[in-house]
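**Q** Mind having a look at this structure? Questions to follow.
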Amino acid sequence: MFENKINVSPFPKNFYDITLDKDIKKLVSIMDFPQKCIFISKFNVRHNRLLPREKTQNIRVVFFLLFINILCIYRICIFKINHVNTKRIEFDFLTLSTAINYTTFSILTTIIFGLDISLHYNYSCLLILKIQRIHGYLSVYGRFQRFIFWSWIFIIILFVFTITSMTCNHATSNIIYIKDAIADGIADFVCITLDCKMIISGRIIILLKMYIDIWIKDVLMEKDDESNDRCLKLFEVYRDILEAYRLCQKIFQILIFYHIFGAFYFGLYHLSFGFLVIRKSDYKMKALYQILVLIIWASKNIMVVIISCINCERFYKTIENVNSVSLALMQNENCSERRKHLFKKVLKLNRSFNKMLVFGVFHIDARLPMNFVRVFVDYVIVILQFNFL
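Residue numbers (full-length UniProt numbering): 1 to 389.
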């Protein structure tokens, strides 16, 4: 009998005795890269094994989060606008918006990195081991190497683009003291690492999609007289893929929420501040250049969200392809009873499959970017009316 539950499997007793394959170590390096950039490595890998986090690693994360919170409190306390003709209501509005901006950033950053060293660390390790089990059974050939290559390319592009935008933003800003610019630069660099984690989450979804494509190909190429063990193995691999997807939802939903909220609120905040600079600045060209940089920065956040939605939508379409292929093969006269039983169990698994839901608020699918952009544009119009009418 095939087991049709897709709840996350319990951790194996020899969880830390499993040796990582060479390919999977490359995946671990990608997943660990964002946090290595800020010297708080997520994984503890020794002798090709995933080990429990050491106390020194957790202490570094605690000090890092303490530093970020102090930094945000400092920026809230010393915030000021360097325009003497700024109205009181405008000053109060931007002061409140800045306080909300840094407070939200501080809270969400603390939650994200705090979960990384606690509950999500176990989930991440189990996700890696499930991917290794899937990877060991399916014939991926050179596709996995291309996946790793393009993952690094996307990360490098994001780093170069974001650091360039960040540098241009600080070069045209009205920050007087170098220590304030350094504080903002540190906060922005942390944002870059979170953007990288978001890109990596989308790449893992693409990896699972690639595995399902290979699974479909294997099913289509199999003969009808295949053994019961082969059918059972195909079912177990497919179930592992869906379990890995569920783990992705558990691990990345707070990160997705942060980026969607950040793309909306932080985008409106930067635009509001930019429009104020245009109206109050004596150097119009510099002000226009600054708001252009801010628009690019806000667009980057929106694009990260859109790319993640596209990746998830492609995964959903692949699940639909599994249903179509299973139904078509079941109707084949030459389909054996073993294969029919396999396809029935796969279809039963897919009936309980749901789109990625973030805290029960919204689904990550093709509709989300359209709804997001529509609401965002409505608020931008309100800001334009408030500033220029």
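Even for Gly, the Cβ is constructed at its ideal location relative to N, Cα and C.
If we count the other Cβ atoms within 10 Å of its Cβ and call it buried at 16 or more, is Tyr211 buried or exposed?
**A** When all chains shown are included, Tyr211 counts as buried.
**Q** Could you tell me the alpha carbon to alpha carbon distance between Leu232 and Ile70, rounded to whole angstroms?
**A** Spanning the two alpha carbons is a distance of roughly 54 Å.
**Q** So who's on the other strand from Val382, going by DSSP bridges?
**A** Answer is none; Val382 lacks a bridge partner.
**Q** Can you tell me whether Gln132 is buried or exposed? The criterion is at least 16 other CB atoms within 10 Å of its CB, across all chains shown.
**A** So Gln132 counts as buried.
**Q** If you follow the alpha helix (DSSP H) that Val61 is in, where does it begin and where does it stop?
**A** First-last of the alpha helix (DSSP H) with Val61: 55–77.
**Q** Classify Asp240: buried if its beta carbon has 16 or more other beta carbons within 10 angstroms, exposed otherwise.
**A** Answer is buried; the Cβ neighbour count reaches 16.
**Q** Measuring CB to CB, does Phe105 end up less than 8 Å from Leu242?
**A** Against a cut-off of 8 Å, the Cβ pair of Leu242 and Phe105 comes out as no contact.
**Q** Tell me, please, which residues DSSP counts as bridged to Asn44.
**A** Paired residues: Leu51.
**Q** Taking the alpha carbon of Pro52 as the reference point, which residue from Asn44, Ala244, Ala99 has its own alpha carbon closest?
**A** Here the closest residue by C-alpha is Asn44.
**Q** Give the straight-line distance between the Cα atoms of Leu247 and Tyr316, rounded to the nearest whole angstrom.
**A** If you take the alpha carbons of Leu247 and Tyr316, they lie about 16 Å apart.
**Q** Alpha carbon to alpha carbon, how far is Ile381 from Val375? Give it in angstroms, no decimals.
**A** So the alpha carbons of these two residues sit roughly 10 Å apart.
**Q** So, do the segment 324–340 and the segment 294–310 have three or more beta carbon pairs nearer to each other than 8 Å?
**A** The answer is no - the segment 294–310 does not touch the segment 324–340, with fewer than three Cβ pairs under 8 Å.
**Q** Could you compute how far the alpha carbon of Val84 sits from the alpha carbon of Phe144?
**A** Confidence at Val84 is low in this model, with a pLDDT of 48, below 50, so its placement is unreliable and the value that follows should be read with caution. Those two C-alpha atoms are separated by around 58 Å.
**Q** Three-state secondary structure (DSSP) at Phe315?
**A** Residue state, collapsed to three classes: helix.
**Q** Looking only at its own chain, which residues have a Cβ that is under 6 Å from the Cβ of residue 395, when we skip the five neighbours before and after it?
**A** Because the chain spans 1 through 389 in this model, residue 395 falls outside it and cannot be assessed.
**Q** Could you check where the alpha helix (DSSP H) with Ile216 kicks off and where it finishes?
**A** Per DSSP, Ile216 belongs to the alpha helix (DSSP H) from 178–221.
**Q** Which two residues bound the contiguous alpha helix (DSSP H) that contains Ile364?
**A** Element bounds for Ile364: n/a, residue is neither H nor E.
**Q** Let me know if Phe113 comes out buried or exposed under the rule of 16 or more other beta-carbons within 10 Å of its beta-carbon.
**A** It is buried - the Cβ of Phe113 has at least 16 other Cβ atoms within 10 Å.
**Q** Closest to Gly136 by CA distance: which of His363, Ile260, Ser308, Asp23 is it?
**A** Of His363, Ile260, Ser308, Asp23, the residue nearest in Cα terms is Asp23.
**Q** According to the Cβ coordinates, are Thr193 and Gln35 closer than 8 Å?
**A** A contact, by the Cβ cut-off of 8 Å.
**Q** What is the C-beta distance between Leu342 and Phe235, in whole angstroms, given that I count them as a contact (C-beta under 8 Å)?
**A** Confirmed, Cβ separation roughly 6 Å.
**Q** Exposed or buried, which one is Thr109 when buried takes at least 16 other CB atoms within 10 Å?
**A** That one is buried.
**Q** What does the Cβ neighbour count give for Ala263, buried or exposed, with the cut at 16 atoms within 10 Å?
**A** Ala263 comes out buried.
**Q** Near Gln253, which residues of its chain fall below 7 Å by C-beta distance, leaving aside the five closest residues on each side in sequence?
**A** Taken in chain order, the residues that qualify are Val358, Phe359.
**Q** Here's the rule I'm using: 16 or more other beta-carbon atoms within 10 Å means buried, otherwise exposed. How should Ile157 be labelled?
**A** That one is exposed.
**Q** State the Cα-Cα distance for the pair Ile200 and Leu220, rounded to the nearest angstrom.
**A** About 30 Å.
**Q** Have a look at Phe275 and Trp297 and give me their C-alpha separation to the nearest angstrom.
**A** When rounded, the distance between both Cα atoms is 15 Å.
**Q** How would you call Ser151, buried or exposed, if buried means at least 16 neighbouring beta carbons within 10 angstroms?
**A** When all chains shown are included, Ser151 counts as buried.
**Q** Whose C-beta lies closer than 8 Å to the C-beta of Thr103 among residues of the same chain, with five residues either side of it excluded?
**A** These residues qualify, in order along the chain: Cys72, Ile76.
**Q** Could you name the residues that DSSP lists as bridge partners for Leu357?
**A** Looking at the DSSP assignment, Leu357 forms a beta bridge with His363.
**Q** Please classify Val84: does DSSP put it in a helix, a strand, or coil?
**A** Model confidence at Val84 stands at a pLDDT of 48, short of 50, so the residue's coordinates are unreliable; what they give is reported in the following sentence. Here Val84 sits in coil by DSSP.
**Q** Which residues bound the alpha helix (DSSP H) around Gly136?
**A** Residues 119–137.
**Q** Please state if the CB of His363 and the CB of Gln370 are separated by a distance shorter than 8 Å.
**A** The sequence shown places Met at residue 370, rather than the Gln named in the question. Against a cut-off of 8 Å, the Cβ pair of His363 and Met370 comes out as no contact.
**Q** If contacts are defined as beta-carbon pairs under 8 Å, then Phe154 and Arg203 qualify, I think. What distance do you get, rounded to the angstrom?
**A** Yes, Phe154 and Arg203 are in contact; Cβ-Cβ is about 7 Å, under 8 Å.
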